[in-house]
Structures are given as structure tokens and as C-alpha cells.
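Down below is the structure, laid out as C-alpha cells.
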Amino acid sequence: MARKAPKTRDEKISLVLRRMAERQDHHAQFCAQVARNRRSYNAVMERSSKAAQWTHKSTPPYAMQVTDTVIANLIDDRTRFNVRPRPVMADEEEIRRQIDGARAHELLLAYQMDVDRFSEKQAAFVSQNAKAGLSVAKIHWLTEPGIRRSLEH
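If you use this note's numbering, the sequence shown corresponds to residues 11 to 163, in order.
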């Protein structure tokens with residue numbers, strides 16, 4: 011069943027406000043889940059839990075060990091891309107040129123990832139995703155100002 015699009019300005023405003031209220035409830039649930047995950051990761055014993063009555067209060071952070079092991083296995087210290095040319099109907103020389111261009115693109119990406127130290131940046135985002143269930147990243151290129159040799163024409 012398709013929803014009817016709001017026609018009047020008041021209908022549009024009420025629709026926006028209703029959806030914002032729905033999102034706020036979702037956000038509160040997400041924050042509560044992240045807080046539970048964080049307590050579990052840090053092995054915080056809840057006084058109100060049934061386990062607190064019969065378990066020792068100083069528990070080892072088992073979830074931390076498991077999570078950190080999974081994170082270590084997820085992160086690749088040498089992230090590489092396989093670039094393949096798009097298949098086309100062309101002569102052998104054109105196909106060879108496209109294959110060489112794809113290989114040059116692979117080498118360029120590998121060089122840029124190494125210079126930017128991407129694998130070091132990746133660890134924080136994978137860790138946050140494993141702990142919270144969501145991670146948002148905006149990655150900037152590493153810039154190091156300095157004097158460089160360059161070819162002048």
C-alpha cells in the first residue's frame with residue numbers, strides 16, 4: 011500500500027515532526043545498546059543483575075579479549091585493490107594498453123594507501139564498529155608540508 015504524499019504545508023510539517031520523533035526514539039535505543047555493549051566490553055558488573063548475587067565482582071573482560079581478537083583478524087595491514095579493465099571488443103594492442111593501465115592504477119592505489127598510512131587509520135573505525143555496531147568515518151589525506159624536489163619545465 012503506497013503512502014499518499016502530503017499536499018499542504020501543514021501536512022508536510024506534521025510529517026517531518028512525526029518522523030523526527032520516530033528517529034529520536036530510535037536514537038535513544040541505539041545509545042542504550044551502545045552503552046550496554048560498552049559495559050559488556052569493559053566487564054562492568056551490574057549490581058541489579060542476577061549474576062551479581064553469585065559471581066565474583068571482579069570479572070575478567072572476556073568480551074574485550076574476544077572483540078580485540080576479532081578486530082585483529084578483520085584488519086588487513088596491506089589493503090590492496092584488484093583493478094581490472096572493463097571488457098571491450100578491441101584489437102590486441104588496445105586490450106594490452108587497458109591491462110597496463112589497470113596495473114598502473116593498482117600500483118598507484120597501493121602507493122597512496124602506504125603514504126597515507128591507511129591501515130593505521132582503519133583500526134580505529136573497525137574497533138568502533140565492533141564495539142558500537144556502527145562507525146562513521148571521514149578520512150583525509152595525510153599532508154606533510156616541506157620542501158620537495160620537482161622537475162621544472
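Note that the Cβ used here is the ideal one computed from N, Cα and C, for glycine as well.
### Query
Taking contact to mean at least 3 C-beta pairs separated by less than 8 Å, is the region 43-54 in contact with the region 94-103?
no
#### Entry: Whole-angstrom distance between VAL146 and GLN122, CA atom to CA atom
22 Å
### Local Cβ density within 10 Å of LYS2, reported as buried at 16 or more and exposed below that
What is shown of the chain runs 11 to 163, which leaves residue 2 out entirely.
### Message
Under DSSP, the alpha helix (DSSP H) around MET30 begins and ends at which residues?
### Response
19-51
### Query
Among GLU130, ARG94, GLN43, which residue has its Cα nearest to the Cα of LEU117?
Ranking GLU130, ARG94, GLN43 by Cα distance to LEU117 puts ARG94 first.
#### Entry: Rounded separation between ASP78 and THR89 - CA only
19 Å
### Message
In whole angstroms, give me the CA-to-CA distance for ALA134 and LEU27.
### Response
ALA134 and LEU27 have their C-alpha atoms some 35 Å from each other.
### Query
Using a Cβ-Cβ cut-off of 8 Å (strictly less than) and excluding sequence neighbours within five positions of ASN47, which residues of its own chain qualify?
LYS141, ALA142, GLY143
### Message
Our contact map puts SER137 next to ILE81 with C-beta atoms below 8 Å; I'd like the distance itself, whole angstroms only.
### Response
5 Å
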